[in-house]
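Encoded as structure tokens, the structure appears first; notes follow it.
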Amino acid sequence: MSMERAGGLALAVGAIAYIALMSVHPSHAGGNPQFGPFTLSGIVHATALTVKPILVFGFFAFSRWLSLERPLVALGFSFYALAALFTMLAGTMSGLMFPYMVAAAHAPGGDVESIRLLAQYTTWLNRSFAQVHYDFVSVAILIWSIAWQPKTPYGWGARALGFVVGLGVLGWQFSGTMNLEARQGALIVTAAQGVWTLCAAAALLSARKGE
Numbered sequence: 174m175s176m177e178r179a180g181g182l183a184l185a186v187g188a189i190a191y192i193a194l195m196s197v198h199p200s201h202a203g204g205n206p207q208f209g210p211f212t213l214s215g216i217v218h219a220t221a222l223t224v225k226p227i228l229v230f231g232f233f234a235f236s237r238w239l240s241l242e243r244p245l246v247a248l249g250f251s252f253y254a255l256a257a258l259f260t261m262l263a264g265t266m267s268g269l270m271f272p273y274m275v276a277a278a279h280a281p282g283g284d285v286e287s288i289r290l291l292a293q294y295t296t297w298l299n300r301s302f303a304q305v306h307y308d309f310v311s312v313a314i315l316i317w318s319i320a321w322q323p324k325t326p327y328g329w330g331a332r333a334l335g336f337v338v339g340l341g342v343l344g345w346q347f348s349g350t351m352n353l354e355a356r357q358g359a360l361i362v363t364a365a366q367g368v369w370t371l372c373a374a375a376a377l378l379s380a381r382k383g384e
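Number 381 in my numbering belongs to position 208 of the sequence shown; there are no gaps in the numbering.
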């Protein structure tokens with residue numbers, strides 16, 4: 174299997190998985206269903222942590238296809254790699270740290286008020302990391318769209334979509350009206366960025382150099 178095909182498959186799987194995960198992601202204000210020993214939040218975040226390296230590989234292959242020797246392409250990949258780090262920090266806090274805090278709060282003699290404050294702080298950090306993640310992914314998409322040198326109508330369309338998605342998400346963020354709650358603003362942004370990722374996946378799977 175070629176690097177382009179492997180990268181395209183990685184991007185396709187990652188994009189679809191992230192949209193699906195965000196569509197069932199429990200909200201901070203809502204409940205957290207239990208499935209045997211696992212919570213829905215734990216399942217969602219563990220899966221997301223597993224999928225993110227697959228997406229990083231996919232975008233590495235995409236950047237390599239665009240030519241990593243070009244500074245703009247390498248810069249785009251740098252933004253995406255850092256975005257991946259921030260979202261993994263967010264997922265670790267929500268999926269791994271939060272359950273320990275809940276267990277500590279219900280333990281005999283637990284300092285419920287202190288744990289509640291720590292949980293609130295963790296939620297703020299989670300949302301801050303998620304915000305940086307979405308911003309950095311948008312910047313990466315913008316940079317890649319600038320660096321993309323298409324030779325077909327499909328390539329021009331994907332490039333134009335990159336500008337719309339990147340500028341649209343950043344504009345919404347800077348307007349101060351974005352709500353990054355799960356299944357609300359976060360789902361919209363994830364879906365928009367996911368659609369562009371699927372376009373990048375299709376370009377790789379077509380294996381037409383410099384499309």
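Every residue gets a Cβ at the ideal spot worked out from N, C-alpha and C, and that includes glycine.
Values in this document were obtained by computation on a predicted structure and should not be read as measured data.
Open item on the list: Let's test the definition: count the other Cβ atoms within 10 Å of the Cβ of Phe252 and tell me whether it reaches 16, buried, or not, exposed.
Closed with: Classification for Phe252: buried.
- [ ] Report the rounded CA-to-CA distance for Leu340 versus Val305, giving the unit in angstroms.
- [x] Cα to Cα, the separation comes out at about 15 Å.
Task: Neighbour-count burial assignment, Ala183, 16 or more Cβ in a 10 Å radius - done: It is buried - the Cβ of Ala183 has at least 16 other Cβ atoms within 10 Å.
- [ ] May I ask which residues mark the beginning and end of the alpha helix (DSSP H) holding Gln346?
- [x] Segment 326-348, the alpha helix (DSSP H) holding Gln346.
Open item on the list: Whole angstroms are fine: how far does the CA of Met266 sit from the CA of Leu245?
Closed with: Straight through space, the alpha carbons of Met266 and Leu245 are spaced by roughly 32 Å.
- [ ] State the DSSP-derived secondary structure class of Pro323, mapped to helix, strand or coil.
- [x] Coil, per DSSP.
Open item on the list: Using only CA atoms, which one of Gly215, Met261, Val186, Leu239 lies nearest to Ile227?
Closed with: Answer by Cα proximity: Val186.
Open item on the list: Residues in the same chain with beta-carbon distance under 6 Å from Gly181, minus the five sequence neighbours each way, listed in chain order, please.
Closed with: If you ignore the 5 residues before and after Gly181, its C-beta comes within less than 6 Å of the C-beta of Ala374, Leu377, Leu378, all in its own chain and listed in chain order.
- [ ] Name the residue from Leu239, Ala254, Gly328, Asn352 whose alpha carbon lies nearest to the alpha carbon of Phe230.
- [x] Per the Cα distances, Ala254.
TODO: Could you check the C-alpha separation between Leu371 and Ile189 for me, to the nearest Å?
DONE: Put simply, the backbone Cα of Leu371 is about 8 Å away from that of Ile189.
- [ ] Please report the residue range of the alpha helix (DSSP H) in which Ser251 lies.
- [x] Where Ser251 is concerned, the enclosing alpha helix (DSSP H) stretches over 244-265.
TODO: Within the same chain, show all residues whose beta-carbon is closer than 7 Å to that of Arg332, passing over the 5 residues directly before and after it, in chain order.
DONE: Ser318, Trp321, Pro323, listed in sequence order.
Task: Proximity to Met176 [Cα-Cα], best of Phe235, Ile216, Ala219 - done: Its Cα nearest to that of Met176, the residue Phe235 stands out among Phe235, Ile216, Ala219.
Task: Burial state of Val337, where buried means 16 or more other Cβ atoms lie within 10 Å - done: Burial state of Val337 is exposed, judged by a 10 Å Cβ sphere holding fewer than 16 other Cβ atoms.
Task: Inter-residue spacing [alpha-carbon to alpha-carbon] between Gly330 and Leu213 - done: Cα to Cα, the separation comes out at about 37 Å.
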